[in-house]
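Counting with the numbering used here, you get residues 226 to 475 for the letters of the sequence shown. The structure under discussion appears below in the form of structure tokens.
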Amino acid sequence: MVMERTEFLLETCVLAGKIMLENGAEMSRVEDTMNRIAASYGEEVGTSFVTQTVVLMGLQSTKDVQMQRIEERTTNLGKIAKVNTYSRAFAENKLSLQDLNTCLVILDQAKSYRSRVSKIISAAIVSGCLMVMLGGTWPDFLATCLVGAGGYGAYDWCEQRLNLKFINELVASIILGVLAFLCVDIGIAHSLDHMIIGSIMPLVPGVAITNAVRDLQAGHMLAGISRAVEALIVALMIGAGIAIAFSFMH
226 MVMERTEFLL
236 ETCVLAGKIM
246 LENGAEMSRV
256 EDTMNRIAAS
266 YGEEVGTSFV
276 TQTVVLMGLQ
286 STKDVQMQRI
296 EERTTNLGKI
306 AKVNTYSRAF
316 AENKLSLQDL
326 NTCLVILDQA
336 KSYRSRVSKI
346 ISAAIVSGCL
356 MVMLGGTWPD
366 FLATCLVGAG
376 GYGAYDWCEQ
386 RLNLKFINEL
396 VASIILGVLA
406 FLCVDIGIAH
416 SLDHMIIGSI
426 MPLVPGVAIT
436 NAVRDLQAGH
446 MLAGISRAVE
456 ALIVALMIGA
466 GIAIAFSFMH
């Protein structure tokens, strides 16, 4: 019975870590949440180890260890916030371990409510607003929204159909750059530089860069460096795509 409870606790901790890591949480937050769940259950002392692709969790009172491999990663801060809410409720004895596990299973299986159209519209609005904030002019707003929507739409299509890491950003930035040139050529926009800067912002890996810095500050050198390299490659692919578009249109 004790062994079963220990395994169930480890399963719950690993599930919480898996959800957080898949949705963009930094390593220190993932490990802290897993250890707090263990500590809130019979004052167990948890020993966790997290990388970008693996979650490991053990207890000092036993030799049992559970591992979960991370296959996909995205950004969904809502799921991270819910895991934190559930873990705090468990620490305050508002949820039992069974209830916590059930909530996490439901959360893990929940699909994103954002449709493709809503994401493209959001990217369009963000592109136009950031173009203005970064020094562009309002006459270019609608054209920048159009370019941002086209670029992010291409990225979303590549992610669904091709699912090739880094190639998605390359293709999207090429299409984005070509659209920006076309808008300037036909006269519906004027500032090419501001349009491109605003339109690529939805593709920029801002969460990955932030998490890389936070992981390095927390002493997670392996995770911090790997995330920083991943973000750098994405940035290089975006820049390469814009450069290809420049070469093609000129």
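By construction, the Cβ of each residue, glycine as well, lies at the ideal position given by its N, Cα and C atoms.
Three-state secondary structure (DSSP) at MET226? Note that MET226 scores a pLDDT of 49, beneath 50, so its modelled location is shaky and nothing firm can be said.
My understanding is that GLY271 touches MET282, with C-beta atoms under 8 angstroms, so please give their C-beta distance in whole angstroms. Going by Cβ atoms, the distance from GLY271 to MET282 rounds to 6 angstroms, so yes, they are a contact pair.
Should ILE411 be labelled buried (16 or more other beta-carbon atoms within 10 Å of its own) or exposed? Exposed, since its Cβ has fewer than 16 Cβ neighbours within 10 Å.
What are the uninterrupted segments assigned as alpha helix (DSSP H) that are 4 or more residues long and contained completely in the region 332-403, given in chain order? The qualifying runs are 341-358, 366-386.
Cutting at 7 angstroms between CB atoms, please list the residues of its own chain near GLN323, excluding the five before and the five after it. Here the set comprises nothing.
Return the chain-ordered list of same chain residues with a C-beta closer than 6 angstroms to the C-beta of ILE413, the five sequence neighbours on each side being excluded. In its chain, beyond the 5 residues on either side, ALA368 have a beta carbon closer than 6 angstroms to the beta carbon of ILE413.
Name the residue from MET474, THR435, VAL429 whose alpha carbon lies nearest to the alpha carbon of ILE458. Distances from the alpha-carbon of ILE458 to those of MET474, THR435, VAL429 put VAL429 closest.
Using the Cβ count rule (16 or more neighbours within 10 Å means buried), how would you classify SER343? With fewer than 16 other beta carbons inside 10 angstroms of its own, SER343 counts as exposed.
Need the endpoints of the beta strand (DSSP E) that SER286 sits in, please. Neither: SER286 is in no beta strand (DSSP E) and is coded neither H nor E.
Buried or exposed for PRO364, please, with buried defined as at least 16 other CB atoms from any protein chain shown within 10 angstroms of its CB. PRO364 is exposed by the Cβ-count criterion.
Determine the burial state of VAL396: buried for a count of at least 16 other Cβ atoms within 10 Å of its Cβ, exposed for fewer. By the 16-neighbour rule on beta-carbons within 10 angstroms, VAL396 is buried.
Tell me which residue opens and which closes the beta strand (DSSP E) that GLY267 is part of. Per DSSP, GLY267 is not a residue of any beta strand (DSSP E), being assigned neither H nor E.
Could you check what DSSP says for ARG294 in three-state terms: helix, strand or coil? DSSP places ARG294 in strand when its eight states are reduced to three.
Taking ILE244 as the reference, give the member of ASN301, LEU441, ASP257, GLN285 with the closest Cα. That would be ASN301, whose Cα lies nearest to the Cα of ILE244.
Close Cβ partners of GLY378 (< 6 angstroms) along its chain, the five nearest in sequence each way excluded: Closer than 6 angstroms at Cβ, skipping near neighbours: ILE345.
Using the rule of at least 16 other Cβ atoms within 10 Å of the residue's Cβ for burial, across every protein chain shown, is GLU232 buried or exposed? GLU232 should be labelled exposed.
Proximity below 7 angstroms, CB of VAL372 to CB of MET426: No, the Cβ-Cβ distance between VAL372 and MET426 is not below 7 angstroms.
Opposite SER321 in the DSSP bridges: which residues? SER321 pairs with nothing; no bridge assigned.
Taking the beta carbon of HIS475 as the centre, do at least 16 other beta carbons fall within 10 Å, making it buried, or is it exposed? With fewer than 16 Cβ atoms within 10 Å of its Cβ, HIS475 is classed as exposed.
Host alpha helix (DSSP H) of GLY166 (start-end): Any property of residue 166 remains undetermined from this structure, which presents the chain solely from 226 to 475.
Of the choices SER253, GLU247, MET252, SER265, whose alpha-carbon is the least far from that of ARG235? At residue 235 the sequence reads Leu, which differs from the Arg that was named. That would be SER265, whose Cα lies nearest to the Cα of LEU235.
Return yes when the Cβ of GLU247 is within less than 7 angstroms of the Cβ of ILE295, no when it is not. Yes, these two residues count as a Cβ contact at 7 angstroms.
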